[in-house]
Amino acid sequence: MKSHLVLHIDRIACDARGTCAELLPELMELDDWGYPIIADGPVPQDLERLAHAAVELCPKMALQLRAREGGTRSVLVPTDELRL
Amino acid sequence: MSSMQLLDLMVSNQVTTRTQRLLPPEPWASAGLAAHLERHGALVQHPSSDQWREATLGEIERAGLVGRGGAAFPTGQKLRALLAHRGKPIVIANGTEGEPASMKDRVLLARSPHLVLDGAALAANLVGAGEIIMVVHRDVRGSVDAALAERRLIRIDSTKIRVVTAADGFVAGEASAVVNWVGRAAPIPLGKAPRMTERGLKGCPTLVQNVETLAHLSLVGRHGADWFRQVGTADEPGTILVTLAGSLVTPGVFEVAIGTPTSDVLELAGGPSAPIQALLIGGYFGTWISAPASLSVPFSMGGLGVGLGAGLIVALPAAGCGVLETARLVRYLASQSAGQCGPCKFGLPAIAEQLDLLAEGMPVRYDDLTRWVDEIEGRGACSHPDGVARHVRSALDVFGHEVSEHLAGRCSARERQASRAFPTEELL
Ligand SMILES: Cc1cc2nc3c(=O)[nH]c(=O)nc-3n(C[C@H](O)[C@H](O)[C@H](O)COP(=O)(O)O)c2cc1C
Ligand code: SF4
Ligand code: SF4
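Structure representation (structure tokens):
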């Protein structure tokens, strides 16, 4: 089952620590410079808990889980996302 | 040649066409307010009337006007998006024109500044904005200041307007970078969320609109949707300003009906000055198409199969080397990364380096090159890497034969250096 959540990375905040890819190798791989590439599509339901953990553990608060569709409200938006 | 001299040259090279809506037909025409009002009449507005607002927004939507800053987003839809959010909106006219080979926004602001100001005033009245900020290329700051002074004398505008000289650099014209420049003197993109139309400058809903889009908007406000749709194609109505550059007899800025045969568009610049092999359409992060096949098709997205972007067409001579040109342009684009996002900061220079090696016929990591091009797409806070990916992919395709030659250590170009069809002074 696919969940209604998708992973999103704030590319400006991310600094290639790679914690996310360690936790979620099924969904994230690292490019040649250590920056994550996210697999297409929503997060499978059985990986949702791990995905939440990856969001929590990202040292730069760069990772988010967002609702896939229906409205622009984001889930677990780190506060620095709301700058300006 | 300085960019001011280039601007003068572009203005003097203009010819008259039936479809000149934005630019005065006579090259010597005054850019002043009196001449403007004589030519276009006053733009009547009723900012306090909901009925006027609805009717005008309806005309704009029906006109099918889309943004002329590169992304071709429907203007009516963007105006409505602003109405959906709380807070006093701000209107920003984007006259940054960071694309080195493009001159069309500068020519427009030099020759028809009042049309752009009218459009900004109309947009402000439609969304109930409290302020208009004109962000304009340094070459045309004087023209915009002079136009504004004339308007203040007769109190034409109800919204406060200020002028800001745009920052330099390719990325400085990206919408969030413009907001960041005006607000915090840092011309770098801010990232995708939240949207500018929701929370932009000072946290207010912000409309960032290209100056040419605003000029068209003011004419739709005057004459309506049916008039706007009289030229252009059914899917892509209206006229577009194009900068014609490269191997052409008299390069310059021209206004054309969308859908005009591409060869006729090039004729406005006197046609090719030498046989040409390919055209770069849209801008430095546009798309290469091969020349003989594309000349007979309409100049439109439907005809060419690629977006018109910011209206740039660069003609590459047959004697030149497409691989070398691509390497130079991508090297420039890589240098313009704001350096904030890893995939853009590291991926672009890596791609540029491999293209440089390819251009020189040296051993290259070709599989890595094409993989990096695929991998950078969608992985920046702004679409700068996406533009580079599009450009490189189209180049490897259109110059496929030449790429094979280079991979074998050869180059079939007869004039490698003479092929420099692009403005070089602003390149590295
Ligand atoms: C790297 C980059 C550079 C851009 N430079 C410009 C520019 O110089 N002028 C401009 O009007 N739009 C530029 N844009 C597009 C703007 O982000 C924005 O889409 C546009 O100003 C919106 O106006 P429009 O809808 O009227 O086209 C750029 C976009 C990117 C990604
Ligand atoms: S853990 Fe966070 S900072 Fe590290 S690579 Fe993943 S998203 Fe980037
Ligand atoms: S994608 Fe590149 S140009 Fe755009 S914000 Fe990130 S680093 Fe800057």
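If you're matching them up, the sequences are chains W and E in order. So the numbering used here is basically just the index in the first sequence, starting at one, shifted up by 24. So the numbering used here is basically just the index in the second sequence, starting at one, shifted up by 5. Virtual Cβ for every residue (Gly too), placed ideally from N, Cα, C.
If you draw a straight line from the alpha carbon of residue i to that of residue j, how long is it in whole angstroms?
{"i": "A37/W", "j": "M85/W", "result": "7 Å"}
{"i": "V149/E", "j": "S54/E", "result": "29 Å"}
{"i": "A89/E", "j": "T202/E", "result": "9 Å"}
{"i": "G307/E", "j": "G81/E", "result": "21 Å"}
{"i": "Q359/E", "j": "G287/E", "result": "24 Å"}
{"i": "A86/E", "j": "P210/E", "result": "9 Å"}
{"i": "F233/E", "j": "V270/E", "result": "20 Å"}
{"i": "D162/E", "j": "A76/E", "result": "29 Å"}
{"i": "P277/E", "j": "P94/E", "result": "46 Å"}
{"i": "E330/E", "j": "Q50/E", "result": "48 Å"}
{"i": "L89/W", "j": "S27/W", "result": "11 Å"}
{"i": "P266/E", "j": "P242/E", "result": "15 Å"}
{"i": "E179/E", "j": "A171/E", "result": "11 Å"}
{"i": "H411/E", "j": "R398/E", "result": "16 Å"}
{"i": "G347/E", "j": "E380/E", "result": "12 Å"}
{"i": "V216/E", "j": "N99/E", "result": "6 Å"}
On a CA-only basis, which of the options is nearest residue i? Give me that one, please.
{"i": "G251/E", "options": "A86/E, V49/E and L321/E", "result": "L321/E"}
{"i": "A129/E", "options": "S117/E, K83/E, I159/E and L271/E", "result": "K83/E"}
{"i": "P105/E", "options": "T244/E, Q341/E and W33/E", "result": "Q341/E"}
{"i": "R35/W", "options": "L363/E, G405/E, Q345/E and D231/E", "result": "Q345/E"}
{"i": "D55/W", "options": "S388/E, H411/E, V378/E and R200/E", "result": "V378/E"}
{"i": "W420/E", "options": "C326/E, H406/E, M367/E and V71/E", "result": "Reading off the sequence shown, one finds Glu at residue 420/E, where the question assumed Trp. The shortest C-alpha separation from E420/E is found at C326/E."}
{"i": "P68/W", "options": "D39/W, G42/W, T43/W and L48/W", "result": "L48/W"}
{"i": "L29/W", "options": "A45/W, L74/W and C82/W", "result": "L74/W"}
{"i": "H41/E", "options": "P30/E, M367/E and H51/E", "result": "P30/E"}
{"i": "R26/E", "options": "S223/E, P354/E and I318/E", "result": "S223/E"}
{"i": "D110/E", "options": "S278/E, L219/E and W186/E", "result": "L219/E"}
{"i": "S388/E", "options": "L353/E, S268/E and P242/E", "result": "L353/E"}
{"i": "V169/E", "options": "T101/E, G133/E and E217/E", "result": "T101/E"}
{"i": "G226/E", "options": "G37/E, A68/E, P390/E and G264/E", "result": "A68/E"}
{"i": "E66/E", "options": "L48/E, L153/E, S117/E and D240/E", "result": "D240/E"}
{"i": "L334/E", "options": "E382/E, A400/E and R73/E", "result": "A400/E"}
{"i": "L38/E", "options": "V141/E, A418/E and A154/E", "result": "A154/E"}
Is the beta carbon of residue i within less than 8 Å of some heavy atom of ligand 3?
{"i": "C346/E", "result": "yes"}
{"i": "V176/E", "result": "yes"}
{"i": "I193/E", "result": "yes"}
{"i": "K350/E", "result": "yes"}
{"i": "C82/W", "result": "no"}
Answer with yes or no whether the minimum CB distance from residue i to chain B is below 9 Å.
{"i": "A40/W", "result": "Any reference to chain B falls outside this structure, whose protein chains are W and E."}
On the criterion of 16 or more Cβ atoms from any shown chain inside 10 Å, does residue i qualify as buried, or is it exposed?
{"i": "A413/E", "result": "exposed"}
{"i": "G63/E", "result": "exposed"}
{"i": "V79/W", "result": "buried"}
{"i": "G405/E", "result": "exposed"}
{"i": "E46/W", "result": "exposed"}
{"i": "L196/E", "result": "The sequence given here has Gly at residue 196/E, not Leu. Label assigned to G196/E: buried."}
{"i": "Q214/E", "result": "buried"}
{"i": "S305/E", "result": "buried"}
Identify, in the order they occur along the chain, each residue of the same chain with its Cβ nearer than 8 Å to the Cβ of residue i, setting aside the five sequence neighbours on each side.
{"i": "G174/E", "result": "G103, P192 and Q341"}
{"i": "E260/E", "result": "T22, T24, Q25, R26, L27, L28, T244, I245, L246 and V247"}
Taking 8 Å as the cut-off, is the beta-carbon of residue i closer than that to any non-hydrogen atom of ligand 5?
{"i": "A320/E", "result": "Ligand 5 is not part of the structure shown, which contains ligand 1, ligand 2 and ligand 3 as its ligands."}
Grab me the residues of residue i's own chain with a C-beta within less than 7 Å of its C-beta, minus the 5 sequence neighbours each way, in chain order.
{"i": "F290/E", "result": "L338, G392, V393, R395 and H396"}
{"i": "I281/E", "result": "S252, A296, A320, L321, P322 and A323"}
{"i": "P182/E", "result": "Note that residue 182/E is Ala in the sequence shown, not Pro. Closer than 7 Å at Cβ, skipping near neighbours: V176, P192, I193 and P194."}
{"i": "I294/E", "result": "A283, L284, I286, L309, V311 and V403"}
Just to confirm my understanding: we take residue i, look at its own chain, exclude 5 residues before and 5 after, and list those with CB closer than 6 Å. What are they?
{"i": "L362/E", "result": "V369"}
Can residue i be considered in contact with ligand 2, in the sense that its beta carbon sits closer than 8 Å to one or more heavy atoms?
{"i": "I36/W", "result": "no"}
{"i": "R415/E", "result": "no"}
{"i": "D56/W", "result": "no"}
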